[in-house]
Amino acid sequence: MAQAAREAAAAGDGDGAQLDALLGLISPGSARRRADRFFLSLASELAEAHAAAGRARVALRVFGRLADRFRREGWTQLTAHALRWCAHCANAAGDPTVRARALFELLAPELAPSAAERVQTHAALDSLPAGEAVDVDMARIHAPVVCHAQWQHWELGDGAAEMPFQVTLDCRALQRPLRLRELAVEFSVASCSVRV
6 MAQAAREAAA AGDGDGAQLD ALLGLISPGS ARRRADRFFL SLASELAEAH AAAGRARVAL
66 RVFGRLADRF RREGWTQLTA HALRWCAHCA NAAGDPTVRA RALFELLAPE LAPSAAERVQ
126 THAALDSLPA GEAVDVDMAR IHAPVVCHAQ WQHWELGDGA AEMPFQVTLD CRALQRPLRL
186 RELAVEFSVA SCSVRV
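Numbering-wise, the working numbering comes out as the position in the sequence shown, counting from 1, plus 5.
Dropping the structure here:
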């Protein structure tokens, strides 16, 4: 199957279905870690071949899945590699939203350790067309902005519970101002220390 996918990518045939099937063989909790890593590296090479052949959407779909997997595994360098390709393929496919999300995550300190990489990523973000805001779920990615919430205490009054809190955003990884349109804070009461 891997050889057929490689030949199809090199020949310019196919829509990436063989590559999707190859990625479907990989299970996160597998005892075959070396085989999984081999298949992941092969999938990355095949996606690069699709990108080189001008099939940016196919490559983008695969690199997006690879970035998700690498992120789950905690492989920051491979995540950054896949995200760079996502940004490149999204640009070629004309998808500024996906490109903006990939570039934003690349600003996370663990993914862009050097100042030169952060400058390049900021320049790429600056080249995006002005338009609508892009929603980014910071809980699912390596976030360049870290949110810290501090709850003071519960106050009971008039039959309703109130809980004053303070939210700070750590934006040290960004070299430019961050514009927020909306900030959603979610929490579980069970995980908070409560004082009445």
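Note that CB positions come from ideal geometry on N, CA and C, so glycine has one too.
As the structure is a prediction and not an experimental result, all values here were calculated from the model.
Per DSSP, what kind of secondary structure is residue i in: helix, strand or coil?
i      : result
ASP100 : coil
LEU112 : coil
LEU174 : strand
VAL151 : strand
LEU133 : coil
TRP286 : Since the displayed the chain opens at 6 and closes at 201, residue 286 lies outside it and no answer follows.
LEU47  : helix
GLY59  : coil
Exposed or buried, what is residue i when buried is set at 16 or more other beta-carbons lying within 10 Å of its beta-carbon?
i      : result
GLU187 : exposed
GLY99  : exposed
GLY79  : exposed
PRO118 : exposed
ALA148 : buried
Would you verify that the beta carbon of residue i is, or is not, closer than 8 Å to some beta carbon of chain D?
i      : result
VAL172 : Checking the listed chains, one finds no chain D in this structure; it contains a single protein chain.
Contact check, residue i vs residue j under 8 Å by CB: the rounded distance?
i      : j      : result
CYS2   : VAL172 : The question about residue 2 has no answer, for the chain in this structure spans 6 to 201.
PHE109 : VAL141 : 6 Å
ALA72  : ALA87  : 4 Å
LEU116 : VAL150 : At roughly 13 Å, the Cβ-Cβ gap does not stay under 8 Å, so LEU116 and VAL150 are not in contact.
Look up residue i in the DSSP assignment and give the residues it is bridged to.
i      : result
VAL141 : Paired residue(s): none; VAL141 is not in a bridge.
Among the options, which one has its Cα closest to the Cα of residue i?
i      : options                       : result
PHE75  : ARG60, ALA97, ALA92, SER49    : SER49
ARG104 : PHE43, HIS127, PRO114, GLN82  : HIS127
PHE68  : GLU53, THR102, ALA138         : GLU53
ALA56  : ALA95, ALA148, GLN155, ALA117 : ALA95
PRO208 : ARG89, LEU130, CYS91, LEU45   : One cannot answer for residue 208 here, as it falls past the ends of the chain, which runs 6 to 201.
ARG2   : ARG177, LEU111, THR81, THR102 : As shown, the chain starts at 6 and ends at 201. That puts residue 2 outside it, with no answer to give.
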